[in-house]
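In what follows, a structure is listed as structure tokens, so that the remarks can point back to it.
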Amino acid sequence: MRTLECLLLLADLMAFACVATSSMRAWKCVVPFPVLAGLIAIAQVLVEGPRWQLLPAYVLTVLFTLVWFGQQIVSTRGLIKPNRKTPAVVAASRGAGALSLVVAAALPMLVPVFRFERPSGRYAIGTVTYHWIDSSRADAFAASPNERRQLMVQLWYPADAGAAAPSAPYMPDADVVTAAFARLQGKPAFLFRHFRYVTTNAMSSVPVALDKPRYPVLLFLEGSTGFRQMNTFQVEHLVSHGYIVVAIDQPGAAAAVVFPDGHLAAGLTVPQLRAMVRPSYMPSGTTTPSIGVRLPNGITLPDNSIIPYLSQDVSFTLDRLSTLNHADPLGIFEGKLDLQRVGVFGVSLGGIVVGDACRLDARLKACLVMDAAMSHAVVTVGLRKPGMWITRDAASMRRERQRSGGWPEAEIEAHQTSMRAVYASLPGDGYFVRVPGMFHSNFTDVPNWSPLVRWIGFAGPINTQRAYDIVNAYALAFFDKHLQGRAAALLDGAATHDPDVDFESRKL
């Protein structure tokens with residue numbers, strides 16, 4: 029919890045102790061904790077901002093303050109009368125107060141303004157966001173077939189050690205994006221309103237670190253109904269170790285994309301996206317036959333082509349990064365992007381797109397897929413570059429189905445067999461990393477949002493930070509080896525592998 033939130037709860041506890049245990053005559057020499065709690069509550073609202081999780085604490089502060097003032101008035105006027113309350117009534121009142129304090133403390137702890145662990149690398153982190161328009165391509169998800177494809181692209185980068193700036197927000201358009209995310213997930217929007225207060229380890233628009241002339245580049249692709257910041261735990265780790273990470277918000281796939289002029293590209297629902305994506309990887313006969321993928325604006329793409337369409341966002345982003353490397357309007361990245369060393373990683377739908385982008389664009393030198401099936405095209409053609417898959421076993425997918433739904437048996441089979449087929453067909457280096465006990469959300473920031481995510485079955489039994497450590501270790505080792513030529517004992521078998529990880533590798 030944040031500092032003033034902790035102080036407010038502590039002051040409420042002391043105020044309760046004063047109101048519940050002190051005699052009226054003793055109030056004159058007791059620190060007025062109820063009043064102090066009221067002052068802290070006002071400061072917390074003004075400085076840190078109000079949030080619904082603190083509503084019980086706010087209510088208790090008001091009640092304790094009113095009771096305290098009432099006792100002062102009674103004591104000052106000499107109106108003290110013998111206490112006629114029975115011990116049972118007194119005990120019940122104190123019990124109700126204590127229970128209210130437990131609730132007041134539990135809510136902000138269970139649904140916190142969460143934080144990100146400080147990454148282990150030596151670099152500070154900067155971030156900046158660009159709005160790019162692909163004038164050569166229609167946006168198949170837009171309301172009008174004449175609208176051009178637009179992307180919001182956020183870059184995180186190694187920052188100058190002397191840079192000093194406020195922490196960047198987790199989501200600059202948090203209220204809008206989380207409202208869309210909640211709608212698509214069937215959850216009330218108020219559950220995520222506190223995201224507006226969440227900050228990261230990054231700083232906005234600070235200079236790039238100067239100890240290297242250029243830094244290798246990694247592109248990140250979000251999952252369906254997600255957002256570009258949904259793997260901040262992983263992005264910050266990679267950046268702190270010397271990578272520039274470029275996250276693409278893909279309209280249609282993302283929950284919502286907010287553009288600088290204020291207009292919003294609302295994401296499609298999970299059933300809509302599933303209908304468009306499943307034909308790309310599910311065996312024939314398990315999806316509804318169609319002559320093409322029909323999009324909301326009436327555009328019909330060739331059968332099973334929604335994944336290649338999304339992968340074009342990757343190629344367009346690489347084109348714009350090349351332009352940025354020559355002339356950056358913000359003056360940050362000129363000459364700093366090593367576009368000869370480019371990797372890509374993605375989760376869920378983003379992982380499917382990663383496979384296809386690696387099939388189509390030779391500029392991508394290393395491909396990391398996280399918990400995603402591979403499209404028929406990728407299974408058929410294969411990949412001709414180093415690849416890593418980080419996923420979990422079929423038993424963990426079935427366990428997730430039992431606890432929170434989803435993952436029909438046919439999906440599990442397609443998920444496991446398509447990844448395995450592409451891995452087995454690699455002509456060169458490849459790595460297959462399975463982590464039993466992980467659920468789909470464990471590959472994203474979601475379990476970090478609240479301990480409730482794990483308790484109610486939306487995250488696996490594996491410890492949240494443990495899962496992040498495994499993903500971060502293997503991702504960093506993979507990109508270090510195949511983009512920077514560094515030794516990676518974790519991948520070469522020279523180190524004792526984690527007994528909780530099922531690791532396989534192929535070598536050229």
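Quick note on the working numbering: the sequence shown kicks off at 29 and runs consecutively.
A virtual CB, placed ideally from N, CA and C, is assigned to each residue, including glycine.
Item                                                                                                                                                                         : Value
Tell me the DSSP secondary structure of G66 in three-state form.                                                                                                             : helix
Could you tell me the boundaries of the alpha helix (DSSP H) in which D347 lies?                                                                                             : 334 to 354
Using alpha carbons as the reference points, say which of G488, L504, V285 lies closest to Q178.                                                                             : V285
Does DSSP put Q278 in a helix, in a strand, or in coil?                                                                                                                      : coil
Ordered along the chain, which non-local residues of its own chain (more than five positions away) have a Cβ less than 8 angstroms from that of L38?                         : none
When you compare only the Cα positions, how much space is there between P216 and V381?                                                                                       : 30 angstroms
With C-beta atoms as the reference, is R369 less than 7 angstroms away from L511?                                                                                            : yes
In the DSSP assignment, what residue or residues form a beta bridge with Q182?                                                                                               : T157, A275
Starting from the Cα of Q493, find the closest Cα among G295, N476, F506, M137 and give me that residue.                                                                     : N476
Mind the definition here: the stretch 221 to 232 touches the stretch 442 to 460 only if three or more C-beta pairs lie below 8 angstroms; say whether that holds.            : no
Quick check on A495: buried or exposed, where buried means 16 or more other Cβ atoms within 10 Å of its Cβ?                                                                  : buried
Closer than 8 angstroms by C-beta to R348: which residues in its own chain qualify, once you throw out the five before and the five after it? Chain order, please.           : Y158, W160, V181
Considering just the uninterrupted stretch of the alpha helix (DSSP H) at Q368, what are its terminal residues?                                                              : Where Q368 is concerned, there is no enclosing alpha helix (DSSP H), although the beta strand (DSSP E) it sits in stretches over 365 to 375.
Can you name, in chain order, every residue of its own chain whose Cβ lies under 6 angstroms from the Cβ of L301, other than the five neighbours on each side?               : S252
From A43 to E145, what does the alpha carbon distance come to, in whole angstroms?                                                                                           : 34 angstroms
Is the beta carbon of S308 less than 7 angstroms from the beta carbon of S403?                                                                                               : yes
So what's T260 in DSSP terms, helix, strand or just coil?                                                                                                                    : helix
Is the separation between the beta-carbon of R534 and that of G458 shorter than 7 angstroms?                                                                                 : yes
V463 lies in the beta strand (DSSP E); which residues open and close that run?                                                                                               : That residue, V463, is in no beta strand (DSSP E); it is neither H nor E in DSSP.
Express the C-alpha separation of G270 and T93 in angstroms, rounding to a whole number.                                                                                     : 53 angstroms
Are the stretch 237 to 256 and the stretch 218 to 225 touching, with three or more C-beta to C-beta distances below 8 angstroms?                                             : no
Which residue or residues does DSSP assign as beta-bridge partners of C395?                                                                                                  : V372, G415
Per DSSP, what kind of secondary structure is R30 in: helix, strand or coil?                                                                                                 : coil
Where does T297 fall in DSSP's three states?                                                                                                                                 : coil
For N353 and A394, I'd like the C-alpha separation in whole angstroms.                                                                                                       : 20 angstroms
At which residues does the alpha helix (DSSP H) containing E437 begin and terminate?                                                                                         : 437 to 453
Comparing alpha-carbon positions, which option in I272, T408, D356 lies nearest P311?                                                                                        : T408
Spell out a yes or no on whether the stretch 497 to 516 and the stretch 274 to 293 are touching, meaning 3 or more CB-CB pairs, one atom from each, closer than 8 angstroms. : no
With a CB to CB cut of under 7 angstroms and the five nearest residues on each side skipped, what residues in its chain are close to L518?                                   : A501, Y502, A505
Could you please give the first and the last residue of the uninterrupted alpha helix (DSSP H) stretch that includes A501?                                                   : 492 to 512
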